[in-house]
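Undergrad:
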Amino acid sequence: MSDSTQTPQVLIIGATGTIGRHCVTAAKNAGLQPRAMVRDIAKAEKLFADIELVYGDLEDPSSLATALQEVSLIVMTHGAPGEADAGERIDYGGMLNVLNALGTQQPRVALMSSVYATRTDVPGANPWKRRAERLLRTSGLEYTIVRPGWFDHAEPNEKQLVLEQGGTLDGGIARRQIAEVLIRSLITDSARNKTFELVARDGEQQTNWNELIAPLRPDQPGELDGALDPQNLPVQDEPQSIQHDLDTIRRS
Numbered sequence: 001m002s003d004s005t006q007t008p009q010v011l012i013i014g015a016t017g018t019i020g021r022h023c024v025t026a027a028k029n030a031g032l033q034p035r036a037m038v039r040d041i042a043k044a045e046k047l048f049a050d051i052e053l054v055y056g057d058l059e060d061p062s063s064l065a066t067a068l069q070e071v072s073l074i075v076m077t078h079g080a081p082g083e084a085d086a087g088e089r090i091d092y093g094g095m096l097n098v099l100n101a102l103g104t105q106q107p108r109v110a111l112m113s114s115v116y117a118t119r120t121d122v123p124g125a126n127p128w129k130r131r132a133e134r135l136l137r138t139s140g141l142e143y144t145i146v147r148p149g150w151f152d153h154a155e156p157n158e159k160q161l162v163l164e165q166g167g168t169l170d171g172g173i174a175r176r177q178i179a180e181v182l183i184r185s186l187i188t189d190s191a192r193n194k195t196f197e198l199v200a201r202d203g204e205q206q207t208n209w210n211e212l213i214a215p216l217r218p219d220q221p222g223e224l225d226g227a228l229d230p231q232n233l234p235v236q237d238e239p240q241s242i243q244h245d246l247d248t249i250r251r252s
């Protein structure tokens, strides 16, 4: 942002999705100014009456420059649809395109990944979200990577946030809470460069964000994976194209 006295602006990628919509509200509640990056402006105008809308398509790198201009905070809530190659094109390709489009900009990023990002024992799990995480860690940007459990698979009494590392957590959580954690992670000092799984259990939601996140281990500088992640996706076994992308992002 050009004026440090302005309300901090956060770009919400995937703003018309079921998590992104809650991120708009959470950003306002946190005192931030949301900017929504969307593919369909007309659709977004029906959802959001009082925020800035900007066109951008994660699969079209040339469309991203305007949306990313002068943003200091980014939350990425995009998710791949059901097509066989969607994880590669959108989860991974979208992250790669955003990082390349940022150029010399150094925003802080919150990425919504998946509670199963590092699991190889779950039917249907794929490595593309984990590969997207690795790109973000390699980029040198400040970040928080949130791996939520099953959307809305939580009872009304299950509001207490559970944050763990190591890739074994399972469970559900309200979409509203996922959005709130993503937004709050952008403005909470103890969340810098941390990766964690997120679900909800019986109890009330915590309100001290710094205290909640502080006990988690930060990711080690230069490491591709999150703290305590299982070492079950060796980079040397990855396709050459993936290794090339990591090298390119690391040099940029």
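Each step along the sequence shown adds one to the number in this note's numbering, with nothing skipped, and position 213 is 213. Note that the Cβ used here is the ideal one computed from N, Cα and C, for glycine as well.
1) Taking the DSSP output, what are the residues bridged to Y55?
2) Please state if the CB of N29 and the CB of L58 are separated by a distance shorter than 7 angstroms.
3) Less than 6 angstroms between C-beta atoms, sequence neighbours within five positions excluded: which residues of the same chain meet that for M95?
4) Can you tell me the Cα-Cα spacing of R147 and Q243, whole angstroms?
5) Keeping to the same chain, check which residues put their C-beta closer than 7 angstroms to that of R176; ignore five residues upstream and five downstream.
6) Taking DSSP as the reference, what is the three-state secondary structure of G94?
7) Which same chain residues, not among the five before or five after E197, have their C-beta less than 6 angstroms away from its C-beta?
8) Taking three-plus beta-carbon pairs below 8 angstroms as touching, is the segment 101-121 in contact with the segment 136-155?
9) Is it buried or exposed, P123, if we count other Cβ atoms within 10 angstroms and call 16 or more buried?
10) Compare the C-alpha of S185 against each of D247, Q206, A174 and I213 and name the closest.
11) Nearest CA to the CA of N208: which residue from A191, E158 and R130?
12) In terms of residues, what are the limits of the beta strand (DSSP E) holding V109?
13) Below 8 angstroms on the Cβ atoms is my contact criterion, and I expect T152 with G172 to pass it. Report the Cβ-Cβ distance as a whole number of Å.
14) Going by C-alpha distance, which of A26, Q160, I41 and I13 is nearest D91?
15) Considering only residues of the same chain and omitting the five flanking positions on each side of Q220, which have a CB-CB separation below 8 angstroms?
16) Determine, using beta carbons only, whether A154 and A200 come nearer to each other than 7 angstroms.
TA: Let me lay it out:
1) Partner(s): V38.
2) Not closer than 7 angstroms, so no.
3) If we look at M95 and ignore the five residues flanking it on each side, its Cβ neighbours are A132 and L135.
4) Approximately 23 angstroms between the Cα atoms of the pair.
5) Here the set comprises H22.
6) Shown here, G94 sits in a helix according to DSSP, grouped into three states.
7) Once the five neighbours on either side are set aside, the close Cβ partners of E197 are V115, R147, E164 and L169.
8) Between the segment 101-121 and the segment 136-155 there are three or more inter-stretch CB-CB distances shorter than 8 angstroms, so the stretches are counted as touching.
9) Counting Cβ neighbours within 10 Å, P123 comes out exposed, since fewer than 16 surround it.
10) Closest option to S185, Cα to Cα, is I213.
11) Comparing Cα positions, the closest option is A191.
12) For V109, the enclosing beta strand (DSSP E) covers residues R108 to M112.
13) It is Asp, not Thr, that sits at residue 152 in the sequence shown. Between G172 and D152 the Cβ distance is about 7 angstroms, and since that is below 8 angstroms, they are a contact.
14) The option with the nearest alpha carbon to D91 is I13.
15) Taken in chain order, the residues that qualify are A227.
16) It is a contact, given that the beta carbons lie within the stated cut-off.
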